[in-house]
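The listed protein sequences correspond, in order, to chains A and B. Reminder that position 141 of the first sequence reads as 148 in the numbering used here, one-by-one numbering, no gaps. Reminder that position 176 of the second sequence reads as 177 in the numbering used here, one-by-one numbering, no gaps. Structure first, then comments.
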Amino acid sequence: MADLRLDTVIHLDKVRFGWAQNPLLDIANWRVERGQKVFLYGPSGSGKSTLLNLLCGIIKPQSGSIRLLDTDITQMSAGKRDRFRAKHIGMIFQQFNLLPYLSVKENINLAWELGGTGQRNEGFLAHMLERLELGNELLIRRADSLSVGQQQRVAVARALLNKPELIIADEPTSALDSELRDQFLHLLLGCAEESQATVVFVSHDKSLKSYFDIHQDLRALSTMREDA
Amino acid sequence: MLLRIASASLWNRRLTALLTAFSIAVSVFIMLGVDHLKNEMKSSFGRTVSGVDLIVGARTGSTNLLLYSVFRIGNPSNNLSWQTFQALSQAKEVDWAVPISLGDSHKGYRVMGTTPGYFEHFKYGSRQDLAFRQGQSFTTTQEVVLGSDVAAKLDYHLGDELVISHGTGEVSFTHHDAYPFKVVGILNATGTPVDQTLHVNLASIELIHLSGGQGDHAHPQVQRHAAITDQTEDHHDDHDHDHVTEGTGHHLQPGSVTAMLVGLKSRIGTLTFQRKVNEYKDEPLLAIIPGVALAELWQMMGMVEKALALIALLVLVASLLGMTTMLLASMREREREIAVLRAIGAHASFVLLLIELEAVLIALAGAVAGYLGLAGLLTLLKNWISSEYGLFISGLPLSGSTLGYLGLIVGLAALLALIPAVLSYRTALSRGLSVRL
Chain A
8 MADLRLDTVI
18 HLDKVRFGWA
28 QNPLLDIANW
38 RVERGQKVFL
48 YGPSGSGKST
58 LLNLLCGIIK
68 PQSGSIRLLD
78 TDITQMSAGK
88 RDRFRAKHIG
98 MIFQQFNLLP
108 YLSVKENINL
118 AWELGGTGQR
128 NEGFLAHMLE
138 RLELGNELLI
148 RRADSLSVGQ
158 QQRVAVARAL
168 LNKPELIIAD
178 EPTSALDSEL
188 RDQFLHLLLG
198 CAEESQATVV
208 FVSHDKSLKS
218 YFDIHQDLRA
228 LSTMREDA
Chain B
2 MLLRIASASL
12 WNRRLTALLT
22 AFSIAVSVFI
32 MLGVDHLKNE
42 MKSSFGRTVS
52 GVDLIVGART
62 GSTNLLLYSV
72 FRIGNPSNNL
82 SWQTFQALSQ
92 AKEVDWAVPI
102 SLGDSHKGYR
112 VMGTTPGYFE
122 HFKYGSRQDL
132 AFRQGQSFTT
142 TQEVVLGSDV
152 AAKLDYHLGD
162 ELVISHGTGE
172 VSFTHHDAYP
182 FKVVGILNAT
192 GTPVDQTLHV
202 NLASIELIHL
212 SGGQGDHAHP
222 QVQRHAAITD
232 QTEDHHDDHD
242 HDHVTEGTGH
252 HLQPGSVTAM
262 LVGLKSRIGT
272 LTFQRKVNEY
282 KDEPLLAIIP
292 GVALAELWQM
302 MGMVEKALAL
312 IALLVLVASL
322 LGMTTMLLAS
332 MREREREIAV
342 LRAIGAHASF
352 VLLLIELEAV
362 LIALAGAVAG
372 YLGLAGLLTL
382 LKNWISSEYG
392 LFISGLPLSG
402 STLGYLGLIV
412 GLAALLALIP
422 AVLSYRTALS
432 RGLSVRL
């Protein structure tokens, strides 16, 4: 994997999204290199979710290119983008990362199945659970019977399951108290480092930025309109 | 996996899902029930009379004549004079003629006065004869032959004695107590109104009214007989009872009968003879061909059946709309699920299929429950329905049309579920990972 071309994990070039006269997002150029841990700071309304949806290939920009791992995802079909996302991007939300009515194990199986690789790396899962301080007995429990902290850690395990190159975390700590937040961030970043994943961490909480080596203000990234 | 998610998701909302399935089950129950009853009634109707070429009664509607003469439903508006009966039965085209006289009852079961020839000529089903399970036909005026249900329900055996009441209600205040009948025969079950009937000699009917109603001016039947005889141009005595020779019974001559069943020598002449009867000069008469009248009656029932089917359909639509509402109501909480599924790589159509599958599961559960409920209830109530209403319902078969209905319901459910499914599909496409919290 020493291919030099893959060293740029994210490359956004002249990306515009929204209405022509009044774009929600207008990013001239943005790069994230392999292994970087990027703290993307943005208050609410700064186009965070639009950027996330763009990065994950849920929506397409009106113009410009989004290259992930040197692949232009804006040129892909919707189905291909879904498969690409399952394989290469691990996603962690603020809360409710799991289907509440399924067991933890079923949630994980679902990620494996949709990941499309077909392999179920049970050894890796066991390792991740141990690393994230989650007991095996949690696997058979319903996801919504877990504490929020446990759920977020299961989400990390699931995000890393298919060994994605890119982890996108959308305010994953906002539901945790400060002590758990520290523990969670250490685990997340440690696990990401272990599997050599690049991390883009989106938050409005500036106090977290000390954990990351690159800080980026979303407002500086995008020339935004006030009424967006 | 999709199935597992759908069933887990439904289980998570089991109360609403169950109620929705239940309302679908109710409509399936009604739909299949109406359809089944219709089919069963049709075959039950068709079985009731056979081997009779014409039924002749006083002029009335053909359905009315059929109903009271064959189904023992309703009452005759007019009777047919004995002279006419005799004249017609001696017509050259006629092979046999059997008179019937209705108007009395025993504990809610109709009593029919006739002649022993009835047991010989009346047929049901596909030309099956009436057969005696026990005993034989009546020979005197104090004997009665019971239909199988009458014997079974009232627990009568050969040799038992019973008393006939005036009128056709279950509770009658005029009992012909002075004139008891002895059970001499019990018929085999036929699955027709014959099972619900007590058969006595025609003369007995005259006799009981003679002996039971002393100075009986409040006796409508007798008065009616008198009235009819007055109108006929044949010169009659004013009072019916005068015709009856007391004592022996065999020589009794009734003033009138309710209707007559006629068998012709050749069926080719049926229409000609029917016209001849309808144009009979001495008395206004109506002759009907049972098969034709049954078909007319069935057409009339068809209206009721259509109305019931429409109601069932409306109930179905209402419950399917309820299901759609339930799925729509859950959409908001599902936004998170959709975001999760999308994030781990599910295509938007995965979400669409998931909601479709949930709808199909609910509809299927409802359809199966409705079917089983109806089948179970029919098995339980079969006997009660046949004794109460004289309808002979067989169990619910899993026929092609039944499966067709069930398929239609599941299909409609899938169609209506497209509303929430497409909505969430679009949410999945546009909102994607962002969740309104």
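For every residue, glycine included, the Cβ atom is placed at its ideal position computed from N, Cα and C. If you're wondering where the values come from, they're calculated on a predicted model, not measured in any experiment.
- Excluding the 5 residues flanking it on each side, A:VAL155 has same chain C-beta neighbours closer than 6 Å at ALA182, in chain order.
- Under the three-state reduction of DSSP output, B:LEU404 falls in the helix class.
- B:VAL361 sits away from A:LEU106, with the two beta carbons spaced by 8 Å or more.
- Annotated as distal: A:LEU58 and A:ASN36, with beta-carbon spacing of 8 Å or more.
- The beta carbons of B:THR85 and B:ASP283 sit about 6 Å from each other, so the pair counts as a contact at 8 Å.
- Boundaries of the alpha helix (DSSP H) around B:GLN275: 271-279.
- When 9 Å is used as the limit between beta carbons, A:ASP89 is near these residues of chain B: ARG343, GLY346, ALA347, HIS348, ALA349, PHE351, in chain order.
- The beta strand (DSSP E) runs lying completely inside the segment 15-87 of chain B and spanning 3 residues or more are 55-59, given in chain order.
- For B:GLU357, there are no neighbours in chain A by C-beta distance under 9 Å, as the nearest C-beta there is about 17 Å away.
- Two segments are said to touch when three or more pairs of C-beta atoms, one from each, lie closer than 8 Å; by this definition the segment 301-314 of chain B does not touch the segment 5-18 of chain B.
- The alpha carbon of B:LEU55 has as its nearest neighbour, out of B:LEU19, B:SER149, B:VAL151, B:GLY264, the alpha carbon of B:GLY264.
- In this structure the segment 85-94 of chain B does not touch the segment 141-149 of chain B; the number of beta carbon pairs closer than 8 Å is below three.
- Selection A:ALA166, A:LEU75, A:LEU121, A:LEU47 evaluated against A:PHE100 yields A:ALA166 as nearest (Cα-Cα).
- By a beta-carbon distance limit of 8 Å, B:GLY405 does not contact B:ALA376. Their separation comes to about 16 Å.
- B:LEU413 places its beta carbon less than 8 Å from that of B:LEU321.
- Fewer than three Cβ pairs drawn from the segment 119-132 of chain B and the segment 289-301 of chain B lie within less than 8 Å of each other, which leaves the two stretches out of contact.
- Taking a C-beta distance under 8 Å as the contact criterion, B:MET261 and B:VAL27 do not qualify as a contact pair.
- The Cβ atoms of B:ILE339 and A:ALA93 do not sit closer than 8 Å to each other.
- With 16 or more other CB atoms across the displayed protein chains lying within 10 angstroms of its CB, A:ASP33 is buried.
- Among the residues facing chain B, A:MET98 is included, as its CB has a counterpart in that chain under 8 Å away.
- The C-alpha of B:GLU162 is placed about 15 Å away from the C-alpha of B:TYR110.
- Taking 8 Å as the threshold, the shortest C-beta distance from A:GLY197 to chain B does not fall below it.
- Distance from the CA of B:ARG48 to the CA of B:THR193, rounded to the nearest whole angstrom, comes to 7 Å.
- Within the segment 112-135 of chain A, GLU113, ASN114, ASN116, LEU117, ALA118, GLU120, LEU121, GLY122, GLY123 place their CB atoms closer than 9 Å to a CB of chain B, listed in sequence order.
- Beta-bridge partners of B:ILE165 (DSSP): none assigned.
- Bridge partners of B:LEU262 according to DSSP: B:ILE56, B:VAL99.
- By the CB criterion at 8 Å, A:PRO30 and A:ARG38 fall outside the cutoff.
- For the segment 164-185 of chain A, the residues whose beta carbon sits under 8 Å from a beta carbon of chain B are, in order, ARG165, ASP177.
- B:THR259 sits close to B:LEU103, with the two beta carbons spaced by under 8 Å.
- Its chain contains LEU3 as the residues whose beta carbon lies nearer than 7 Å to that of B:LEU354, once the 5 sequence neighbours on both sides are disregarded; these appear in chain order.
- For the pair B:GLN135 and B:VAL184, the Cα-to-Cα distance works out to about 10 Å.
- A:TYR108 has its alpha-carbon roughly 6 Å from the corresponding atom of B:ALA9.
- Counting the other CB atoms within 10 Å of its CB gives B:GLN137 a total below 16, which places it among the exposed residues.
- When the beta-carbon positions are compared, B:ILE290 and B:THR271 come within less than 8 Å of each other.
- Under the three-state reduction of DSSP, B:GLY118 is assigned to helix.
- A check of alpha carbon separations from B:LEU328 across B:LEU419, B:MET304, B:LYS108 identifies B:LEU419 as the nearest.
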